[in-house]
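Data first, discussion second: the structure below is written as structure tokens.
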Amino acid sequence: MGQVKSEKGKASTIATGIVSASNSITTAGTVTRDKTSYYTANTVGRRLIINEASMAENVQSKISEFVKLIHGVANEFEVVDEKISTLWQNNLPSSQNKGTTGLPSLYSNPSFVPQNNLFKE
1 MGQVKSEKGK
11 ASTIATGIVS
21 ASNSITTAGT
31 VTRDKTSYYT
41 ANTVGRRLII
51 NEASMAENVQ
61 SKISEFVKLI
71 HGVANEFEVV
81 DEKISTLWQN
91 NLPSSQNKGT
101 TGLPSLYSNP
111 SFVPQNNLFK
121 E
């Protein structure tokens with residue numbers, strides 16, 4: 001059985017990449033209105049162009065907020081992971097033999113058969 005382990009560095013790397021990508025939203029350039037041409041969609045386009053900068057800043061702000069949440073969850077996970085590890089280690093007698101599953105032999109049950117009818121697709 002594989003080891004369950006949190007990798008805060010991986011979450012941090014991904015979050016940093018998201019922030020870098022979100023920075024390009026507001027640095028891509030500005031949109032300017034064409035004051036001389038008239039098209040049917042001009043009124044809608046004009047309104048959207050006027051609001052484009054504030055919408056881009058709003059999107060970037062929400063992405064930044066999301067990344068802070070990722071960091072917060074990663075930090076909380078690290079704390080809980082450490083607590084579980086400590087509890088686990090403190091509650092196992094040192095003389096207890098651990099099997100191939102990483103669990104003490106007390107918890108191993110080689111005759112266990114899952115009841116597949118409990119799982120529906």
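Numbering (our numbering), first residue to last: 1 to 121. Idealized CB from N, CA, C, for every residue including glycine. The structure displayed is predicted, hence computed values, not measured ones.
**Message:** Here's a check: name, in chain order, each residue in its chain whose Cβ is nearer than 7 Å to the Cβ of V59, leaving out the five neighbours to either side.
**Reply:** I25
**Request:** Locate the alpha helix (DSSP H) running through S22, then write down its first and last residues.
**Result:** For S22, the uninterrupted alpha helix (DSSP H) run begins and ends at K8 to T27, by DSSP.
**Prompt:** So is V67 buried or exposed if we call it buried at 16+ other beta carbons inside 10 Å?
**Reply:** Under the 10 Å beta carbon count, V67 is surrounded by 16 or more other beta carbons and is classified as buried.
**Asked** In whole angstroms, what separates the C-alpha of G29 from that of N23?
**Response** Spanning the two alpha carbons is a distance of roughly 12 Å.
**Message:** So, at 6 Å on beta carbons, what are the nonlocal neighbours of A74 in its own chain, with the 5 sequence-adjacent residues on each side left out?
**Reply:** K8 and A11
**Message:** Taking 7 Å as the limit between beta carbons, can you name the residues of its chain near F112, skipping five residues before and five after?
**Reply:** none
**Message:** Please classify M1 as buried or exposed, where buried requires at least 16 other C-beta atoms within 10 Å of its C-beta.
**Reply:** The predicted model places M1 with a pLDDT of 44, which falls under 50 and marks its position as unreliable, so this point remains unresolved.
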